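Following UniProt numbering, the numbering of the sequence shown begins with 1 at its first residue and continues without gaps.
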Amino acid sequence: MWMKDCDQCSTAKLGGLQVWMQHLTNEHAIPTEWPSDRAARLTGANALRPYTTIAESKKKRRKDSIPRPLNSFMLFAQHIRRNVLRVFSDASNSVISQQLGDLWRTVPRSCRINMMMKQSTSENSSIEFPNYKY
């Protein structure tokens, strides 16, 4: 869920973590590549496990445990967090998480709805875990 840098990105990076996160939210809240785009390119054994492969969770789970599909906030947080850590690799996870919560509240409703409509990780999840019930 990388993004293409815009003209203001270099200036925002110099402004520090908060300025960079605000810039990402204002200008790059929607990923240029959705998880479903990545899933469509999977081959071999990974194609049989699209959700697990694209979610890239390092969380240890029981073998029979089925992860919940990512909601729109989690997709937003994953996208912004990856792009923050690309620039500020030593940033504190707790600080990033707090700011992500605050920034999510500022994202326009139209953008949130767009994220909900575009997200199809739940489709990838249903391929891999057809018996999942919430």
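For glycine and all other residues, C-beta sits at the position ideal for the given N, C-alpha and C. As the structure is a computational prediction, the values presented were derived from the model and not from experiment.
Burial state of residue i (16 or more Cβ within 10 Å)
{"i": "Met-116", "result": "exposed"}
{"i": "Asp-25", "result": "Inspection of the sequence shows that residue 25 is occupied by Thr rather than by Asp. Label assigned to Thr-25: buried."}
{"i": "Gln-78", "result": "buried"}
{"i": "Ala-45", "result": "exposed"}
{"i": "Pro-108", "result": "exposed"}
{"i": "residue 179", "result": "The structure shown does not extend to residue 179, since the chain spans only 1 to 134, so no value can be given for it."}
Check whether residue i and residue j have beta carbons under 8 Å apart
{"i": "Val-84", "j": "Met-3", "result": "no"}
{"i": "Tyr-82", "j": "Ile-96", "result": "For the record, residue 82 in the displayed sequence is Arg; it is not Tyr. Contact: no."}
{"i": "Asn-93", "j": "Ile-30", "result": "no"}
{"i": "Ser-72", "j": "Arg-41", "result": "no"}
{"i": "Asp-28", "j": "Gln-8", "result": "Reading the sequence as shown, one finds His at residue 28 and not Asp. Their beta carbons are not under 8 Å apart, which means His-28 does not touch Gln-8 by this criterion."}
Beta-carbon contacts of residue i that lie in its chain and below 8 Å, excluding the five residues immediately before and after
{"i": "Val-87", "result": "Lys-13, Trp-20"}
Chain-order list of residues whose beta-carbon lies under 6 Å from that of residue i (same chain, five-residue window excluded)
{"i": "Gln-99", "result": "Met-21"}
Simplified DSSP assignment, three categories, for residue i
{"i": "Asn-71", "result": "coil"}
{"i": "Ala-77", "result": "helix"}
{"i": "residue 213", "result": "As shown, the chain starts at 1 and ends at 134. That puts residue 213 outside it, with no answer to give."}
{"i": "Met-115", "result": "helix"}
CB contact check: residue i to chain B, cutoff 8 Å
{"i": "Ala-12", "result": "Here chain B cannot be found, since the structure has a single protein chain."}
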